[in-house]
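First the structure, in the form of structure tokens, and then the observations on it.
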Amino acid sequence: MAAISREEVAHLARLSRLAVTEQELDQFAGQLDVILQAVARVGEVAADDIPPTSHSVPLTNVYRDDVPQPCLTQAEALSGAPDAYEGRFRVPRILDEEV
Amino acid sequence: MTDTYEDALATYEPVIGLETHVELGTRTKMFCGCTTNFGAEPNTQVCPVCLGLPGSLPVANRAGIEATIRIGLALNCTIAAWCRFARKNYFYPDMPKNYQISQYDEPLCVDGYVDIEVDGETFRIGIERVHLEEDTGKTLHVGGATGRIHGATESLVDYNRAGIPLVEIVTKPVPGIGARAPEVARAYVAELRDVVRSLGVSDVRMEQGSLRCDVNTSLNLPGQQWGTRTETKNVNSLRSVERAVRSEIIRQAGVLAAGGRVIQETRHFHEETGDTRSGRSKETATDYRYFPEPDLVPIAPDPAWVAELKATLPELPRLRRERLRQQWGISEIDMQSVVNAGAVELIEETIAAGASPAGARKWWMGELARRANETGVELSAVGATPAQVAALQGLVDAGKLNDKLARTVLEGVVAGEGDPAAVMAARGLGVVSDTGALTAAVDEAIAANPDIAAKVRDGKVAAAGALVGAVMKTTRGQADAKAVRELILSRLGVEG
Amino acid sequence: MTDVTRMTAAQIAGLIAGGDVSAVEVATAHLDRIAAVDERVHAFLHVDREGALERAKRIDERRARGEELGPLAGVPVAVKDVIVTKGIPSTAASKILEGWKPPFDSTIAQRLHAAGTVMLGKTNMDEFAMGSSTEYSAYGPTHNPWDLGRIPGGSGGGSAASLAAYEAALAIGTDTGGSIRQPGAVTGTVGAKPTYGGTSRYGLIAFSSSLDTPGPCARNVEDAALLHAVIAGHDERDSTSIPAPVPDVVAAARLGATGDLTGVKLGLVKEFAGEGAEPGVMAVFRESLEALVKLGAEVVEISCPHFEYALPAYYLIAPSEASSNLARYDGVRYGLRVGDDSTRSLEEVMSLTREAGFGPEVKRRIILGTYALSSGYYEAYYGQAQKVRTLITRDFQAAFEQVDVLVSPTTPFVAFPFGSRTSDPYQMYLADLFTIPTNLYGGPAISVPCGLSEGLPVGFQVMAPTLADDRMYRVAAALESAVGTFTPPAL
Ligand SMILES: [Mg+2]
Ligand SMILES: [Zn+2]
């Protein structure tokens, strides 16, 4: 049985802000299924008593002092902007919800 | 039918919970060296890090970590021995990286409490967690109805605020407060504000958004399990906190009474109308896909450091207020008005400068409070310093000024003419203590009013008042009325 | 005078320091070589001719003033396009960053400039470093100078090919799952992945933050060590940068070059010595192992039981982090924006922008990562993968209690023809089978050419304990002294 359905892939694409095409959906669903079958093997090992590793460096408490550094100018900040207006980044209307 | 608050509370019991975001007053942002001044030109306090430019990396600001731990300690929390930042993933244009660096299942501070008072009664509010995260930028919605996102044709984004450290303080659910729920919510936020202020880690200006509140409310029938809660966002003043809880209680009671069910959702509070309106339904809420932030290493506060921070916490507002109230020997009502007038520190400093508690309070809560109200300035900015007020009261106590003169001198002080002594000298004010001059003035008055003097001699002592007035007049009020009266009686050979 | 493009970086620096050749002449020779062959190789996405000549000129001026020059002053370097360079296009080979000119420099670029190296330009790669062939570059693949019909490896195929094609003397790569080592192996060049945290990620366009590691690419081990020494070291702008002194990799490389490995214990990873690799690759690898034994090394077979789970763990951790790291490409602050016709909502424009701006492999990994992090699947996938990471780290630690370094082939197969693995992504992933464990552990590893199979280069991988980067340079240099370097057919 498939590890991931075409519908799930479509939902994930929406969640990832990817307007994928129908062909891509077919293609990705198949490919991701193969990949997921393979990577699911991580479930074979690692019992509960194994701590997870999120960072490979054993560092803790790396901080900077609260001292101001030079900022970019407004022009530099907006230099790469696809669209800007009066010193701000301009974006199309936002749907009235968080996601 | 339940449409009033009273009806609602007659049937249901409310449970509230509060999520408060406090913007820290660090000099620089949480993960970069950008300055954090309020009201700067848009996108002038940004850098590759807080703009989320490709390749940039965050480095945590020690001051932000320290401030969060101090808030946690002030709220009686346990400080985590080891915890991590986490990424909260969702798309929104005011978030430069489309994820927020926050904390998830490993908050820096957990399981504390804060005691608050609502008309004399003390409530203990449990604190679930205190964690550190980064603020978002500001979005300006244009085209639609007055700055609302709804109906806007486009939006403009300013990232100056993005990355400013934000401390999120989450209470445990607060049941069993019945009709007091709105006041309890308000008192909690007020106390939280005072606590944070006393720590000096934020100016907590609600009007500037440096303290923002989300209020959770649910209703249940007595003895039954808690109802479905709604989360009311965008509650940005103490008054609004109270109104939001109240209106949400009324609304939910209406829904329930009509046989409906409250849905778990985010609602928005509207200042103008004072009601809450449905926003995004949580049932369709996104999955934030939290995971440990790989660009930042774990936080493991040195226990010695935490102990030191705890040992150096300032006295918390509530305890301090009670201590001063007793030292000053005033009632809780009087203390409350002192607090409301923002006079606590001023009176304390005036006493420290040598004035008596009663004297210090008299000037700050009387003459100066009145002026502050009239001119619409903070009491601390009214123009007199605690030292000056103490000096003024000192002159009164020493008999060098009477009450009327003291007010005149205070006028001069507030007008910037210098310290009380200087004003006295400059304006030639001050009680006449030279008895020779005073005796002359008294004899003059007796001579000028023979009939009144006769009445007094005949025992009509009360009539002496007119003579006193005459003397005060010739001495331009600079005499001590009591002394004058005694002198008059003795000159007329009457025993007072 | 002999062609400077054929010289080692050390030789070039020596000639410039001695005044035998000017930095401008060296830069010009390489720029001309690029002009002559890069149409066929396509190692570069952007050549900064003016910038390079300007920097070279400054080196010559400093020398004329009698200033002390660094060991790599005037040496031409090619930089992978995933490294941010101020004012110079930095696209990570993606359409979504087409034309973006960063307003800041990466730490790597700053250190290259400070060392007086001459940056020639930005090299091609798989989009956002996701791939093993450069076939996923949005700007067309790089061709392997050994056989223009074959892939140069990936993701850093452009950097490796620029060396094999003598377009640059040194190159910068980044290694998340093998992107420095595997291209090195299939192009007959040297590629080193330093200890994670040993080189700064500041200004490295993130793919998988907990794995990404910038490192040196060169045509020989000593050059790689010289470049390593220039770019490595603590950087306070990277919280994961290790505040420890950089081991003396140059001295280690020179020691190894003497050809004496007496007393050095090599651990042969049992799990990687059997099937999984092409017979031709295994044959060359075994010969190299014998060559090392002749130099005095001792070989011990070591079992690393969890290495077989490295690939599955990697393809959960890397895509998960990538799905978050790549969320910022939304057409709001920089880069591509598509579909903004003033009727569509921001959400629609974002989705159209990302759909148009990302290639298929990037989309696959974003979706895979989003899935692995979803609340319902987090524990089974991302959570388990992080536990596997712990087990693999323990395998390494246990191994290094018995041996000084671990060895294996760098990649299971030699350079493959274009298109032979793109249809089946997982077949492509297998190219990193031997390189990925090191990334999950965080230790250093190097690939050094060790021979030819079917006329194509084979790479020998040496893996060392974290912060013991010098060990791998010693062994790699020793092997190089025994088998020599490998020159591709003339282009
Ligand atoms: Mg929050
Ligand atoms: Zn910044």
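Chains as they are written, first to last, in the working numbering: chain A, 1491 to 1589; chain B, 210 to 705; chain C, 739 to 1229.
Note that beta-carbon positions come from the ideal geometry of N, C-alpha and C, so glycine has one too.
Taking CB distances under 8 Å as the criterion, tell me whether residue i reaches chain B.
{"i": "alanine 1530/A", "result": "no"}
{"i": "tyrosine 1120/C", "result": "yes"}
{"i": "isoleucine 1130/C", "result": "no"}
{"i": "arginine 1504/A", "result": "no"}
{"i": "isoleucine 969/C", "result": "no"}
{"i": "leucine 993/C", "result": "no"}
{"i": "glutamate 1059/C", "result": "yes"}
Give me whichever residues DSSP pairs with residue i in a beta bridge.
{"i": "glycine 585/B", "result": "According to DSSP, which records beta bridges pairwise, glycine 585/B is partnered with nothing at all."}
{"i": "isoleucine 539/B", "result": "Isoleucine 539/B is not bridged to any residue."}
{"i": "arginine 421/B", "result": "His230/B"}
{"i": "valine 224/B", "result": "Ser427/B"}
{"i": "lysine 860/C", "result": "His784/C, Val817/C"}
{"i": "threonine 237/B", "result": "Thr244/B"}
{"i": "tyrosine 1553/A", "result": "Ala269/B"}
Taking 8 Å as the threshold (beta carbon to beta carbon), is residue i in contact with chain A?
{"i": "serine 364/B", "result": "yes"}
{"i": "leucine 401/B", "result": "no"}
{"i": "aspartate 786/C", "result": "no"}
{"i": "phenylalanine 300/B", "result": "yes"}
What would DSSP say about residue i, mapped onto helix, strand or coil?
{"i": "glutamine 1199/C", "result": "strand"}
{"i": "arginine 529/B", "result": "helix"}
{"i": "aspartate 1208/C", "result": "helix"}
{"i": "glutamine 545/B", "result": "helix"}
{"i": "phenylalanine 1579/A", "result": "strand"}
{"i": "glycine 575/B", "result": "helix"}
{"i": "glycine 935/C", "result": "coil"}
{"i": "histidine 972/C", "result": "coil"}
{"i": "aspartate 1133/C", "result": "helix"}
{"i": "histidine 851/C", "result": "helix"}
{"i": "phenylalanine 1518/A", "result": "helix"}
{"i": "tyrosine 308/B", "result": "strand"}
{"i": "lysine 669/B", "result": "coil"}
Tell me the residue span of the alpha helix (DSSP H) that contains residue i.
{"i": "tyrosine 214/B", "result": "214-220"}
{"i": "valine 366/B", "result": "Here valine 366/B belongs to no alpha helix (DSSP H); instead the beta strand (DSSP E) covers 363-367."}
Examine chain C for any beta-carbon lying closer than 8 Å to the beta-carbon of residue i, and answer yes or no.
{"i": "glutamate 1566/A", "result": "yes"}
{"i": "serine 1495/A", "result": "no"}
{"i": "tyrosine 313/B", "result": "no"}
{"i": "threonine 229/B", "result": "no"}
{"i": "valine 1510/A", "result": "yes"}
{"i": "glycine 226/B", "result": "no"}
Is residue i near ligand 1 - that is, is its Cβ less than 7 Å away from at least one heavy atom of it?
{"i": "histidine 230/B", "result": "yes"}
{"i": "glutamate 337/B", "result": "no"}
{"i": "glutamate 377/B", "result": "yes"}
{"i": "glutamate 315/B", "result": "no"}
{"i": "glutamate 342/B", "result": "yes"}
{"i": "serine 411/B", "result": "no"}
Any heavy atom of ligand 2 within a distance shorter than 7 Å of the CB on residue i?
{"i": "lysine 1003/C", "result": "no"}
{"i": "cysteine 292/B", "result": "no"}
{"i": "glycine 273/B", "result": "no"}
{"i": "glycine 261/B", "result": "no"}
{"i": "lysine 180/B", "result": "An answer regarding residue 180/B cannot be provided, because it is not within the stretch 210 to 705 covered by chain B."}
{"i": "valine 1557/A", "result": "no"}
{"i": "glycine 264/B", "result": "no"}
{"i": "glycine 372/B", "result": "yes"}
{"i": "cysteine 286/B", "result": "no"}
Which stretch, first to last residue, makes up the beta strand (DSSP E) that contains residue i?
{"i": "phenylalanine 478/B", "result": "474-479"}
{"i": "aspartate 324/B", "result": "318-327"}
{"i": "isoleucine 334/B", "result": "330-343"}
{"i": "isoleucine 1105/C", "result": "Element bounds for isoleucine 1105/C: not the beta strand (DSSP E) but the alpha helix (DSSP H), 1098-1111."}
Got a sec: does ligand 3 put a non-hydrogen atom nearer than 7 Å to the Cβ of residue i?
{"i": "glycine 346/B", "result": "No copy of ligand 3 appears in this structure; the ligands present are ligand 1 and ligand 2."}
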